[in-house]
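Enquirer: Taken in sequence, the protein lines are chains E and F.
Per the numbering used here: the first sequence = residues 1 to 485.
Per the numbering used here: the second sequence = residues 1001 to 1481.
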Amino acid sequence: MAHVVESKKACAVNPLKMSQPLGASYAFMGLESCMPVMHGSQGCTSFGLVVLVRHFKEAIPLQTTAMNETTTIMGGYDNIEKAILNIRSRAKPQVIAICSTGLTETKGDDVDGYIALARQKHPELADTEIIYVSTPDYLGAFQDGWAKAVTTLVTKVPRLDTPRCEGRINVLPGSHLTPGDIEELREIIEAFGLEAAFVPDVSGSLDGHIPDDWLGTTIGGTPLKALQEIGGAAHTLAIGEQMRPAAEALQARCGVPFTVFDRLTGLTATDALVQLLGSLSGRAAPPRLRRQRSQLVDAMLDGHFHFGNVKVALAAEPDLLFAVGSFLTEMGAELAVCVTTTASPLLARMPAVEVVIGDLEDFEQAAQASGCDLLMTHSHGRQAAERLGKPLFRLGIPTFDRIGNSHKCYVGYRGTRNLVYEVGNLLMEQIPHHGPDHWPLPEAALAAARGSAMPMFSTLPEPGVAHVSTEIPRLLHSSEPVSAP
Amino acid sequence: MSASLKAKIAEVFEEPGCDKNVGKTEKERKKGCTKQLTPGAAAGGCAFDGAKIALQPIVDVAHLVHGPIACEGNSWDNRHSASSGSTIYRTGFTTDINELDVIYGAEKRLFKSIREICEKYDPPAIFVYQTCVTGLIGDDIEAVCKRAAEKFGKPVIPVNAPGFAGPKNLGNKLGAEALLDYVIGTVEPTHTTPYDINIIGEYNLSGELWQVKPLLDALGVRILSCISGDGRYAEVASSHRAKANMMVCSKSMINIATKMQQRWDIPYFEGSFYGIGDMSETLREIARLLVERGAPAELKDRTEALIAVEEARAWERIRAYKQRLTGKKVLLITGGVKSWSVVAALQEAGLEVVGTSTKKSTKEDKEKIKEIMGDDAHMIDDMTPRQMYAMLREAKADIMLSGGRSQFVALKARMPWMDINQERHHAFAGYEGMVTMIAEIDKALFNPMWAEVRTPAPWELVDPLLVEQSAEQLAAEAQPA
């Protein structure tokens, strides 16, 4: 149970957080043949584009309504109309997905109204699905934008008349799942003979593959038809607490029951998924999964030596924070510092004393104050790691100084096994090498050995106080006041 | 838009140093030189982005972005402008305004933020960047900065370039205006020499300034201030005592050069560090201007001697590649500025430029390209990614040089690509940089990986041996026993 505090500073230093419209745009990138658009000034799109390009090393389809001051004040109808028409004629997407920004929300553009008006004036737009989600920059964070986008998708698009099909399920993955995570989940689900529709599916578009031709739109993802038919699924799996509103919305619209998994990283967490899939499919867990579970158990046994008592400073969006943080504590590590971006019911449930909604300055200062051994956050933590001289495990978006981010996988038995090995190996590099001076004797012992003192029994060290290496100063604190029996 | 910002924008469009602007009628000039952006078909940064690019390379200053999280949270620490000392410029400061701030105004949050930065980081100065939302709700950053400067006893500089004011290029100029209004001329240098120059519009990306500085050091020419790469606040503030200015990078900060000429009578020239010929020409111009301004004439002789030695050394190193690169075709897609100077450099190495983008180039740039590449120069005003992709797939080019955003057009076509924009990791300035650039192109072109990835997949192949065998077999079977 953690105490949740919001940073009281006026000035955010070294932001951890990214904006809502970027999270929403990223969600829309998981739809096939889609062009996400930010309704704002062109810089909003440009910055978002650069972040995602640097993370995925992929072409990122993202357009702008190119608002300027005049159009903002007069209202952005013309820009929305022009943007839709231009995108339709140039990139020919099946879906145009628009998210608002701080600029247009401050003015208060009625984008739903604009779209309706544009459809009236241009009947040719009937062949293009147009989605709109309100995501002001000055509220929430990346994860919230993603959640709102997915909630909008499942509220607006699914047809109400799709017949129920028992073998089909929906998966609503949170923004913290990588394309690699989604591929892994699909394999697990298909191993039970179930067919899964992922909404959205960034593993189709941002998994790093070579398409046959240049497309201006997304190069894969959830097909529009599949999205329209998700109302016919027997069950919905929502991955991450952020997906609960979307799962509820889909249930309200199409009556699909759902289960929210607060995380799928960890042994028992994955067991819960496997159990549900077993009951949904009526099949026993296939041998391959059983073997993977056994491999994870072995990895945890091999790894626990390196995780025990390690102090970790972790900064990530709430769902990722919870998934990775919970598992680290299950491996014996201590979550000394937890920093996150936005509110979530999960924060109070974190296995830590405190969770700060703050920035990487809070993270760095707290990590230093509590003597953390390992920092875990996205690439922007690299400056803090350098200053503190501590290893950084890169986690989350953006990870712009590493390649292969799409294929990171930390869910399921196999994904959790990856996490054990990757973090464990980083920790193994930190094992201190001892020298001849690492275990000095205390003065009393030296005096006794010189024969220059006759220590009384009362001045002897308290029994039960362990002497530990000078390399690990923090352990000295914990062994300080040991009361004599 | 505040009246002051409107006046400022009109002012930067009134540019006597820009031939294109001077050639316009009074009425045309009033319209400004910003092309109207096309909704749904636009790419590129906003004015805020431009101002930040121009000023953030001042390394000992805290750069505070007043706005919602998008402006700084989505963009910080994403450039490779290098520092030889302070790293505070890489720290991301933002007021990260929330909904209540939008309703009630965020000036108080801004003031408190400045206080926090003073208390925790104590930089020599703080630059405060205006953004769209805080501009729209009417936060008066000039007033807050003035009050904060009085209160905390250090320069707090308002940079009024909200994103919606225009594109990146306008932001460069508005950022430069902030320096002219509040910084340059506010501090006297401890001493001056007859060899003091400013370099304007050089951002020290990947440390490029340090490929050039040793040349100037060797000649005894002192960089009084570089605006803004690896710059220090005090240096920029005392830059008005330089004897001459060099303007790098086409028109992005020309207003600094022209206004320093008007205010302090400092002559300037426009030069480039890209390409061997350009680098030499730049050194000659620096020497010429300094001698005109009173430096001993022997500087010119020493400069010529240095050029001779360094050119020879660079050519010697490039010659190793020339044979391999001759006839290779380059598609050059870049933001205006460097087009012509890079074209010359590529030709020096035997490469053939089959096309270059001129979307952001000025008329003058285009004339220079023609001069260098001839009349049949393939100038592409606005090429869609699809067209670039087709051009590469049809092998009309062997390599594409562009900014990071279009890299995948080349890579997905399985064609070599090299980064020449500001996000790049390699330094390409001076004699040293040209050798590096040619080496990088060579490395990209001749990587054996290309042949490997262009190999068709097994299922795309029909093995001729198998086909023959089966035909023989069929024939054999057809024979009566």
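Positions of the beta carbon are idealized from the N, C-alpha and C atoms, including for glycine.
Are three or more beta carbon pairs between the stretch 78 to 87 of chain E and the stretch 1100 to 1110 of chain F nearer than 8 Å?
Expert: No, the stretch 78 to 87 of chain E does not touch the stretch 1100 to 1110 of chain F.
Enquirer: Exposed or buried, which one is HIS306/E when buried takes at least 16 other CB atoms within 10 Å?
Expert: Along the first sequence, read from residue 1 onward, the residue named residue 306/E stands at position 306. With 16 or more other Cβ atoms within 10 Å, it is buried.
Enquirer: Under 8 Å Cβ-Cβ, which residues of chain E neighbour TRP1076/F?
Expert: Numbered from 1 along the second sequence, position 76 holds the residue referred to as residue 1076/F. Correct list: ASN14, PRO15 and HIS380.
Enquirer: Let's test the definition: count the other Cβ atoms within 10 Å of the Cβ of MET1434/F and tell me whether it reaches 16, buried, or not, exposed.
Expert: Here residue 1434/F is taken as the residue at index 434 of the second sequence, counted from 1. That one is buried.
Enquirer: Can you give me the Cβ contacts of GLN1116/F inside the same chain, cut-off strictly under 7 Å, excluding the 5 residues immediately before and after it?
Expert: If you number the second sequence from 1, residue 1116/F lands on position 116. A quick correction: the sequence has Glu, not Gln, at residue 1116/F. Nothing meets the Cβ criterion.
Enquirer: Quick one: which residues of the stretch 195 to 208 of chain E get their C-beta closer than 7 Å to a C-beta of chain F? List them in chain order.
Expert: So nothing in the stretch comes that close.
Enquirer: Measuring CA to CA, which of ILE1069/F, LYS1363/F and LEU1064/F is closest to CYS1118/F?
Expert: In the second sequence, residue 1118/F corresponds to position 118, counting from 1. That would be LEU1064/F, whose Cα lies nearest to the Cα of CYS1118/F.
Enquirer: Measuring CB to CB, does TYR1182/F end up less than 9 Å from ALA1054/F?
Expert: The sequence position of residue 1182/F within the second sequence is 182, counting from 1. The sequence position of residue 1054/F within the second sequence is 54, counting from 1. No, Cβ-Cβ distance for TYR1182/F and ALA1054/F is not below 9 Å.
Enquirer: Roughly how many angstroms separate the alpha carbons of PHE400/E and ALA59/E, rounded to a whole number?
Expert: Translated into the one-based positions of the first sequence, residue 400/E becomes position 400. Translated into the one-based positions of the first sequence, residue 59/E becomes position 59. Those two C-alpha atoms are separated by around 14 Å.
Enquirer: Select from the stretch 45 to 67 of chain E all residues with a C-beta closer than 9 Å to any C-beta belonging to chain F, and list them in chain order.
Expert: For the stretch 45 to 67 of chain E, which is checked against every Cβ of chain F, the residues closer than 9 Å are THR45, SER46, PHE47, GLY48, LEU49, VAL50, VAL51, VAL53, ARG54, LYS57, GLU58, ALA59, ILE60, GLN63, THR64, THR65, ALA66 and MET67.
Enquirer: With a threshold of 9 Å between beta-carbons, can SER985/F be considered close to chain E, or not?
Expert: Nothing can be reported for residue 985/F, as the shown portion of chain F is limited to 1001 through 1481.
Enquirer: Starting from GLY167/E, trace the beta strand (DSSP E) both ways and give me its first and last residue.
Expert: Within the first sequence, residue 167/E is the residue found at index 167, counting from 1. Where GLY167/E is concerned, the enclosing beta strand (DSSP E) stretches over 165 to 173.
Enquirer: Beta-carbon of PHE1428/F versus every beta-carbon of chain E: anything under 9 Å?
Expert: Taking the second sequence and counting its residues from 1, the one referred to as residue 1428/F is at position 428. Judged by the 9 Å Cβ criterion, PHE1428/F is not in contact with chain E.
Enquirer: Anything in the stretch 118 to 148 of chain E with a Cβ closer than 8 Å to a Cβ of chain F? List those residues in chain order, please.
Expert: Listed by position, the residues of the stretch 118 to 148 of chain E near chain F (Cβ gap below 8 Å) are PRO136, ASP137, TYR138, LEU139 and ALA141.
Enquirer: For PRO442/E, which three-state DSSP category applies?
Expert: In the first sequence, the residue the question calls residue 442/E occupies position 442. The answer is coil: DSSP assigns PRO442/E none of H, G, I, E or B.
Enquirer: I need the boundaries of the beta strand (DSSP E) containing MET1449/F, first residue and last residue.
Expert: By one-based count along the second sequence, residue 1449/F stands at place 449. It is not in any beta strand (DSSP E) - MET1449/F instead sits in the alpha helix (DSSP H) that spans 1449 to 1453.
Enquirer: According to the neighbour-count rule (16 or more other Cβ atoms, all chains shown, within 10 Å of its Cβ), is PRO432/E buried or exposed?
Expert: Reading the first sequence from its first residue, position 432 is the one you call residue 432/E. Exposed, by the Cβ-count rule.
Enquirer: Roughly how many angstroms separate the alpha carbons of ASP1398/F and GLU1371/F, rounded to a whole number?
Expert: Reading the second sequence from its first residue, position 398 is the one you call residue 1398/F. Reading the second sequence from its first residue, position 371 is the one you call residue 1371/F. One C-alpha to the other measures close to 24 Å.
Enquirer: For the stretch 344 to 377 of chain E, which residues have a CB atom closer than 7 Å to at least one CB atom of chain F, in sequence order?
Expert: Within the stretch 344 to 377 of chain E, no residue has a Cβ that lies closer than 7 Å to any Cβ of chain F.
Enquirer: Which residue marks the beginning of the beta strand (DSSP E) containing ALA1054/F, and which one marks its end?
Expert: Locating residue 1054/F in the second sequence gives position 54, where the first residue counts as 1. Segment 1047 to 1055 is the alpha helix (DSSP H) holding ALA1054/F; no beta strand (DSSP E) there.
Enquirer: Would you mind reading off the limits of the beta strand (DSSP E) that contains PRO100/E?
Expert: Residue 100/E sits at position 100 when you count from the first residue of the first sequence. Just to set this straight, residue 100/E is Ser in the shown sequence, not Pro. 95 to 100 is the span of the beta strand (DSSP E), which, as asked, contains SER100/E.
Enquirer: Could you name the residues of chain F that LYS82/E contacts, counting a contact when the two beta carbons are closer than 8 Å?
Expert: Residue numbering aside, residue 82/E sits at position 82 when the first sequence is read from its first letter. Correct list: THR1038, PRO1039 and GLY1040.
Enquirer: From the DSSP output, which residues share a beta bridge with LYS311/E?
Expert: Here residue 311/E refers to the residue found at position 311 of the first sequence. LYS311/E pairs with GLU334/E.
Enquirer: Give the secondary structure of HIS39/E by DSSP, where H, G and I count as helix, E and B as strand, and everything else as coil.
Expert: Here residue 39/E corresponds to residue number 39 of the first sequence, with the count starting at 1. Three-state DSSP puts HIS39/E in a strand.
Enquirer: What do you get for ASP437/E, buried or exposed, if any count of 16 or more other CB atoms within 10 angstroms of its CB means buried?
Expert: Translated into positions along the first sequence, residue 437/E becomes position 437. Exposed, since its Cβ has fewer than 16 Cβ neighbours within 10 Å.
Enquirer: Tell me the rounded alpha-carbon separation between ALA147/E and VAL202/E.
Expert: Counting from one through the first sequence, the residue named residue 147/E turns up at place 147. Counting from one through the first sequence, the residue named residue 202/E turns up at place 202. Answer to the nearest angstrom: the Cα atoms are 14 Å apart.
Enquirer: Shorter than 9 Å from the beta carbon of LYS1090/F to some beta carbon of chain E?
Expert: Taking the first residue of the second sequence as 1, we reach residue 1090/F at position 90. One point to set straight first is that residue 1090/F is Arg, not Lys, in the sequence displayed. Yes, contact with chain E.
Enquirer: For GLY1231/F, decide whether its Cβ has a neighbour in chain E, counting only Cβ atoms nearer than 9 Å.
Expert: As a working note, residue 1231/F is residue 231 in the second sequence. Not closer than 9 Å to any Cβ of chain E, the Cβ of GLY1231/F fails to qualify, so no.
Enquirer: If you run the structure through DSSP and keep just helix, strand and coil, what is LEU375/E?
Expert: Looking up residue 375/E in the first sequence gives position 375. The answer is strand: DSSP assigns LEU375/E an E or B state.
Enquirer: Alpha carbon to alpha carbon, what distance is there between THR1094/F and MET1437/F?
Expert: In the second sequence, the residue the question calls residue 1437/F occupies position 437. In the second sequence, the residue the question calls residue 1094/F occupies position 94. Those two C-alpha atoms are separated by around 36 Å.
Enquirer: For my contact list, ALA1161/F and GLY1050/F are in at a C-beta cut-off of 8 Å; report their separation, rounded to the angstrom.
Expert: By one-based count along the second sequence, residue 1161/F stands at place 161. By one-based count along the second sequence, residue 1050/F stands at place 50. With a Cβ gap of about 7 Å, ALA1161/F and GLY1050/F count as contacting.
Enquirer: Just mark PRO1456/F as buried or exposed, buried being the case when its beta carbon has 16 or more other beta carbons within 10 Å.
Expert: The residue given as residue 1456/F occupies position 456 in the second sequence. Per the 10 Å Cβ criterion, exposed.
Enquirer: Which residues in chain F have a C-beta closer than 8 Å to the C-beta of SER487/E? List them in chain order.
Expert: Residue numbering for chain E in the displayed model covers 1 to 485; residue 487/E lies beyond these limits and cannot be assessed.
Enquirer: Do PHE1164/F and MET67/E have their beta-carbon atoms positioned less than 9 Å apart in this structure?
Expert: As a first step, residue 67/E must be located in the first sequence, where it is residue number 67. As a first step, residue 1164/F must be located in the second sequence, where it is residue number 164. Yes; because the gap between Cβ atoms is below 9 Å, this pair is in contact.
Enquirer: Is the beta carbon of ASN351/E less than 9 Å from the beta carbon of LEU375/E?
Expert: In the first sequence, counting from the first residue as 1, residue 351/E sits at position 351. In the first sequence, counting from the first residue as 1, residue 375/E sits at position 375. The question names Asn, but residue 351/E is Pro in the sequence shown. No; because the gap between Cβ atoms is not below 9 Å, this pair is not in contact.
Enquirer: Going by alpha carbons, who is nearest to SER89/E out of THR128/E, LEU185/E and GLU105/E?
Expert: Reading the first sequence from its first residue, position 89 is the one you call residue 89/E. Comparing Cα-Cα distances from SER89/E to each of THR128/E, LEU185/E and GLU105/E, the minimum goes to THR128/E.
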